[in-house]
Structures are given as C-alpha cells and as structure tokens.
Amino acid sequence: MNTPNLHLYVLAAPLLTAFAVNLLGRVSRTWIGPLVLGALTFSAGGALMTLLHVLREGAFRYTIGNWQPPLGIELVVDPLSALMLLLVSAVALLATSSALKSVAHELPGREHLFFTLYMILIAGLLGLVLTGDAFNLYVLLEITAITTYGLIAMGSGRAALSSFNYIIMGSIGACFYLLGVGYLYILTGTLNMADIAQILPGLDAPAAIATAFAFLMVGLWVKMGLFPLHVWLPNAYSQAPTGAGAMIAPLMTKVTIYLMIRVMFSIFSPDYTFLAHAGIQAGIVWAASLAIMCASGLALAQRNLRRMLTYILVAEVAYMVGGVWLANGTGITGAILHIVSDAMMTLCLFLAAAAIIYRTGSLEFDRLNGLYRRMPVTMAAFTVGAFSMIGVPPTCGFFSKWYLILGAVRAGHPEFVTALLISSLINAVLFFRIIELAYFQPASDLSRSEPQQAGEAPLLMLSPLLLSAVALVAIGLGSGPLIENIIRLAMPPGFAP
Amino acid sequence: MEPLLSEIVAKYNYWIYVVLMMIGFYAMIGKRNLVKKLLGMNIFQTAIILFYVSIGGKRGGGIPIVDKHAAMLHGVDATTVVNPLPHVLMLTAIVVSVSVTGVALAILIRIYRKYDTLEEDEILEKIGR
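Respectively, the protein sequence lines represent chains A and B.
Taken in order, the first sequence gives residues 1 to 497; the numbers are from our numbering.
Taken in order, the second sequence gives residues 498 to 626; the numbers are from our numbering.
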C-alpha cells in the first residue's frame with residue numbers, strides 16, 4: 001500500500017463500512033460486529049502507520065482529486081493531526097467493542113441503525129482532524145453533530161428532549177462558526193486555512209478580524225461545552241445509550257479543543273491570538289479557572305455516576321482551554337497531553353459505567369454498594385481511571401496536570417493553579433465517595449435479590465476497559481518520550497517547551 | 498441621525514441579516530414551544546445564508562454563467578459577474594440546515610408521542626411528576 005495515501009483509507013474505512021453495516025446488518029445481525037471492528041482496526045493500524053510516517057518524513061499536505069489549493073480542499077497531516085488521528089481511531093475501536101454488547105442489550109433489533117450513525121460519526125471526527133479548509137471543517141462539524149443528535153435521541157427516558165436541546169445549542173455554535181468563516185472570506189477571499197493565514201497579517205482591518213476570531217471561538221466553545229455554555233452537555237451525554245456515550249464523551253469535546261488549537265494557530269497566528277488584544281488572554285484564563293471551579297462544584301451535587309462524570313468532563317474542557325490560553329509552551333504542551341490523557345481516562349470511566357449498567361441496570365449512587373465484590377476487575381479498572389482523573393502518579397492524568405500547573409506558574413496565573421488544585425481535590429472527594437460505597441458498603445438486600453447482578457461484564461466489554469486502564473498507566477510512564485518525539489513537533493512555531 | 502441613516506442604507510444587507518438573526522436567536526432562547534424554537538433556528542440559519550449570498554453580489558454584476566469558448570479565448574472580466582462561490586457554499590449550508598431540521602422534526606415527533614405536548618413547561622412538569 002502506498003503510504004502517502006494511507007490517511008485517506010483511514011478516513012474512508014469507517015465511512016464505507018457505515019453503508020455496509022446498514023445493508024448487511026438488515027440481513028443478519030452477526031455481520032455487524034466483524035464489519036465495524038474490522039474497519040476500525042484497519043483505521044487504527046493505518047493511523048499508527050501515518051503517525052510513524054509523519055514523524056519520519058515530516059508533515060505533508062494532500063490534495064483530494066488533484067484540485068490544487070487554495071481552490072481545492074486539502075488535508076493536512078502534521079504531527080498533531082496524525083496524533084489526533086491515532087487517538088480518535090484507537091478510542092473509537094475500544095468504545096465500539098464495548099458498544100457492540102451494550103447496544104444489543106439496550107436497543108435490540110436496531111443495532112444496524114445505531115452502528116450506521118456511529119461509523120459516520122467516526123468518519124466525521126477523523127475528517128475534522130485532517131481537514132485544512134475552514135468551510136469543509138464546518139460541514140464535517142455538522143456531520144458529527146447530526147449523527148450525535150440521532151445517537152443521543154436513541155437513548156431512553158428524557159433522551160429525546162435532551163437531544164433536542166443539544167440540536168438548538170449545537171446549531172447556534174455551528175452558525176457562529178459559519179459566520180466567523182464568512183467574515184474571514186470577505187476579508188481574504190479564500191477558505192483554505194494556510195492561505196488565510198498568509199493573507200491575514202497584511203490586512204488593516206483590526207475590528208473585522210477580531211469579530212471573525214470572536215465568532216469562531218464562541219462557536220467552538222458552545223460546541224465543546226465550555227462552562228457556562230455547557231448546559232446542554234450533561235443531559236445529552238448522560239442520557240445517550242451507554243454505547244454511544246462511551247464514544248461521544250471522550251471524543252467530541254477533545255476534537256473540538258483540537259479544532260480550537262487549529263483555528264488559533266493555523267488560521268490565526270499565535271502572535272495575533274495572544275498579543276493583539278491585551279487582556280483578552282488573561283481574561284480567558286480567568287474564565288477557565290472559574291469554569292473549572294463551578295463545574296467541579298456542580299459535579300459534587302450529582303447522585304448518578306454518569307451525570308457526575310459529565311460534569312467532570314465540563315471541568316476538564318476548561319482545563320484544556322485554559323492550558324492553551326496560558327500562551328506559553330508548557331501550558332500548550334500540557335493541554336495537548338491532556339487531550340490524549342483525558343480522552344483515555346474519560347473512555348476508561350465511561351466503559352466502566354457501561355459495564356456496571358450492563359450488569360446492574362443502574363448508576364445511582366445508592367445502587368453501587370458492594371460492587372467491588374461482584375465486579376472486581378471492572379472496579380479495578382475504574383479505580384485506575386479515577387486515580388488518573390484525580391491526578392495520582394504514575395497515571396497520565398498526573399503528568400498532563402503537572403504541565404498545566406507548571407505552565408500556569410510560568411505564565412503567572414495563580415488563579416489557574418488554584419482552580420486546578422481545588423478541582424483535583426474535589427475529584428478525589430467524588431471518586432473516593434464512590435470507592436467507599438462500592439468497596440466498604442455491603443450489597444443491599446434490594447440488589448442482591450435480582451438474579452442478573454452477579455459476575456463481571458462479558459469479555460467484549462471487559463477487554464477494552466482493561467486495555468484503556470493499561471493505556472492510562474502506559475501513557476503516564478511514556479509521557480516523556482511522547483512529549484519529546486511528538487508533541488514538541490506539534491507546537492506552533494516559537495512555542496517549544 | 499443623518500449619518501446613522503446613511504450608514505444603514507449603505508450596508509442594508511448586513512442590517513437585514515443582523516435583524517433576522519436576532520429574531521431567530523430570540524425565538525430559540527425565549528420561546529417555550531419546541532416547534533417555535535426550531536423555527537427560530539431556521540430563521541437564524543437563513544439569516545446567515547442570506548448574509549453569505551449578499552456578499553457575493555456586485556453592482557452591475559451578471560449571472561455567473563459564461564460562454565466556455567469566449568472565456569477560454571479572452572478570459573472572464575470579474576467585474577461583470579457576481580461571485581458564485583458564496584452561493585455554492587450556501588448550497589451546502591442549506592443541505593446541512595435541511596438535514597438538521599429533519600432530524601429535529603423526527604425527534605419532536607418522538608417527544609410528542611411520549612409527552613403528548615410540545616410545550617417545554619408542560620413536558621418539564623410531566624417529567625417532574
């Protein structure tokens with residue numbers, strides 16, 4: 001296989017499989033598992049090879065159908081996008097393996113529909129990571145959003161209402177982004193990111209450029225659920241089918257943060273982003289600090305494991321936004337490392353939640369009693385994920401938080417350091433409360449009487465959970481080489497740590 | 498008053514889009530009926546579509562359909578035709594808007610079947626009970 005085309009196959013495999021799953025899945029359910037797992041294994045392998053290729057040969061640009069940029073759409077494969085490509089496809093592979101079981105359990109007879117949307121969503125996320133065209137990015141953003149709306153609405157209970165609220169908020173975010181692109185198009189007459197970046201510094205229209213930048217940023221912040229624009233997120237993510245939640249929660253927010261980094265450094269320059277409007281940068285770090293505190297506080301009030309995790313996710317989003325806006329190499333390194341580690345630890349915790357819900361049917365705190373005895377392996381992996389969320393070494397959550405705090409100290413933002421530390425403490429309280437419930441409290445009579453309770457989840461759910469827990473420690477131990485060999489290359493010029 | 502008025506007249510397309518967008522935004526945030534929220538979303542998206550379409554316009558510009566042979570021989574004078582690119586972009590945006598509306602309507606049908614109403618207050622009341 002020709003390596004320069006490989007990333008295109010990575011992108012195409014889930015997209016084409018989506019249609020195959022829909023057609024063959026109607027004939028027989030047994031086709032679905034091998035098809036989706038095969039396609040995603042291929043994607044993950046291809047993404048790994050693409051990353052190795054980029055590290056060996058350097059970044060390259062790829063024009064689809066030989067339509068030359070700036071008119072044609074180009075894909076950008078640089079160390080950062082190759083890293084994200086691998087992260088998205090690996091997380092998707094692990095989440096899918098677990099989803100196969102939980103979807104068969106929760107949505108019997110509708111698996112082929114679920115996995116059609118699921119595969120298109122993965123293809124959309126991979127496309128978002130690769131694209132080098134501002135308008136193409138909007139289209140892919142909406143592809144991922146529409147599939148997510150459908151997946152969330154497949155959940156039970158209030159899911160349809162939550163999905164509708166997400167549609168309204170998601171559309172506002174996407175429209176703001178589109179408006180920002182419109183302003184950039186009026187100013188530069190092009191939609192290619194690299195081309196815009198070349199033309200922008202020569203323009204004398206500070207107000208119009210600032211408006212475009214503000215629209216792009218606010219649009220993406222709505223999409224990623226940055227507090228206080230997060231209101232749609234906890235409902236939508238906690239009421240989605242567990243199989244969908246385990247992929248949407250780790251990936252959607254992280255990819256949107258990657259897009260924010262792209263807009264800040266590939267369309268605009270770091271000089272513009274951080275220096276043109278004095279005070280804005282400090283203001284955003286302040287806002288992120290407040291967001292971390294508020295979201296962590298709200299997490300304390302939750303009585304359901306999955307809802308609690310979604311509020312922690314909202315706090316984590318603010319970690320990364322704040323980290324990028326610290327405007328120094330250490331902070332940005334921390335933010336990029338945190339994208340990787342947060343995707344893995346959110347995945348680990350959501351997979352554990354999926355396994356628990358598969359066996360016990362509930363994630364309310366008062367039903368978690370005695371879980372360590374009944375599901376020791378699941379809860380061991382959950383504990384690793386929880387430690388990583390808190391930031392206990394040697395899990396990767398510790399190292400990314402370390403870089404974020406170091407960056408905040410160097411940039412002189414004590415409020416961000418305080419927010420990170422307090423949020424870690426709150427995470428410790430949150431998770432030890434669950435560990436205490438599940439480890440020390442004996443199983444209540446109520447839950448013991450139900451026959452389905454005993455035992456671990458099936459192997460198809462357990463193995464991705466264990467793999468993600470191992471990955472948390474592995475990424476933690478390997479964070480030195482990871483930063484040295486990949487993230488350092490992904491920095492915007494002039495921001496080496 | 499005079500300079501403000503001439504400012505509005507000179508950039509009337511932007512003012513129209515801003516007004517439309519604010520109407521849509523108000524409906525999305527302020528209305529309690531889910532269908533009205535959805536209609537507000539459509540107005541919001543249409544405002545942006547009109548904004549894009551209007552930025553392609555030129556005074557005295559014609560339809561951007563040109564004779565291929567003449568264009569190959571003499572090239573195209575860009576001042577005689579409007580810029581077609583924003584219009585083509587908006588074809589994609591219209592497709593996106595239609596599909597989002599479709600998904601939203603399908604979800605509204607599910608909500609209506611479940612709660613027998615599309616008023617947000619009544620739904621929340623039913624959930625609370």
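Note that beta-carbon positions come from the ideal geometry of N, C-alpha and C, so glycine has one too.
Predicted model only: the values in this text are computed from it and were never measured.
Asked	Found
Just reading off the alpha helix (DSSP H) that LEU6(A) is part of, what are its end residues?	6-27
Alpha carbon to alpha carbon, how far is LEU71(A) from LEU184(A)?	15 Å
Closest to LEU151(A) by CA distance: which of LEU121(A), THR131(A), MET169(A) is it?	LEU121(A)
Could you check if MET260(A) is buried or exposed, using at least 16 other CB atoms within 10 Å of its CB as the buried criterion?	buried
Going by CA-CA distance only, name the one from TYR118(A), GLY297(A), VAL255(A) that's closest to VAL429(A).	GLY297(A)
Let me know the secondary structure DSSP gives GLU456(A) once reduced to three states.	coil
Identify which residue in PRO34(A), ASP133(A), ILE339(A), PHE164(A) has its Cα closest to the Cα of SER266(A).	ASP133(A)
Can the beta-carbon of SER102(A) be found less than 7 Å from the beta-carbon of SER43(A)?	no
PHE268(A) versus chain B: which residues are under 9 Å apart at the beta carbon?	Within chain B, no residue comes near PHE268(A); the closest Cβ sits about 21 Å away, beyond 9 Å.
Do you know offhand how far LEU140(A)'s Cα is from ALA590(B)'s?	11 Å
Taking Cβ-Cβ distances shorter than 8 Å, what residues in chain A pair up with ARG607(B)?	ALA153, ALA160
Beta-carbon within less than 6 Å of GLY385(A)'s beta-carbon, same chain only, minus the 5 sequence neighbours each way: which residues are those?	MET345, CYS348, LEU349
Please identify, using Cβ separations under 7 Å, the residues of the segment 133-144 of chain A that lie next to chain B, in order along the chain.	PHE135, VAL139, GLU142
Just to confirm, is the Cβ distance from SER341(A) to ILE475(A) under 7 Å?	yes
Which partner residues of PHE60(A) appear in the DSSP bridge assignment?	VAL77(A)
PRO270(A) to VAL470(A), Cα distance in whole Å?	36 Å
DSSP three-state label for THR131(A), please.	strand
Report the residues of the segment 538-555 of chain B with a CB closer than 7 Å to any CB of chain A, ordered along the chain.	MET538, PHE541, GLN542, ILE545, PHE548, TYR549, ILE552
What residue from SER162(A), VAL21(A), ILE487(A), THR378(A) has the CA that sits closest to LEU469(B)'s CA?	There is no way to answer for residue 469(B), as the model of chain B reaches only from 498 to 626.
Classify GLY559(B) as helix, strand or coil using the three-state DSSP reduction.	strand
Give the straight-line distance between the Cα atoms of VAL321(A) and ILE540(B), rounded to the nearest whole angstrom.	31 Å
Taking just the CA atoms, how far does VAL532(B) sit from ILE172(A)?	16 Å
Does the CB of LEU586(B) have a neighbour CB from chain A at under 7 Å?	yes
Give the single residue among VAL585(B), GLY557(B), ASN530(B), GLY572(B) whose Cα lies nearest to the Cα of TYR609(B).	ASN530(B)
Helix, strand or coil, according to DSSP, for LEU578(B) in the structure here?	Sequence inspection shows Val at residue 578(B); the Leu mentioned does not correspond to that position. Correct three-state label for VAL578(B): strand.
Buried or exposed: which applies to ALA490(A), given that a residue is buried once 16 or more other Cβ atoms fall within 10 Å of its Cβ?	buried
At least one CB of chain B closer than 7 Å to the CB of GLY118(A): is that the case?	In the sequence as displayed, the identity of residue 118(A) is Tyr instead of Gly. No, because no Cβ of chain B sits closer than 7 Å to the Cβ of TYR118(A).
Using a Cβ cut-off of 7 Å, which residues of the segment 508-519 of chain B contact any Cβ in chain A, in chain order?	none
Does the segment 33-50 of chain A come close enough to the segment 60-76 of chain A to have 3 or more Cβ pairs within less than 8 Å?	no
Do you know offhand how far ILE486(A)'s Cα is from VAL324(A)'s?	17 Å
Output the boundary residues of the alpha helix (DSSP H) element that contains GLN239(A).	232-239
Starting from GLN542(B) and walking both ways along the alpha helix (DSSP H), at which residues does that stretch end?	531-552
Mind checking if LYS623(B) is an interface residue toward chain A, Cβ cutoff 7 Å exclusive?	no
Who are the neighbours of GLY124(A) on chain B, taking C-beta pairs under 9 Å?	Under the 9 Å cutoff, chain B gives no residues; its nearest Cβ is about 12 Å from GLY124(A).
I want to verify the contact list: residues of chain A whose CB lies under 7 Å from the CB of THR589(B), in sequence order.	VAL139
Could you tell me whether the Cβ of TYR237(A) comes closer than 7 Å to any Cβ of chain B?	no
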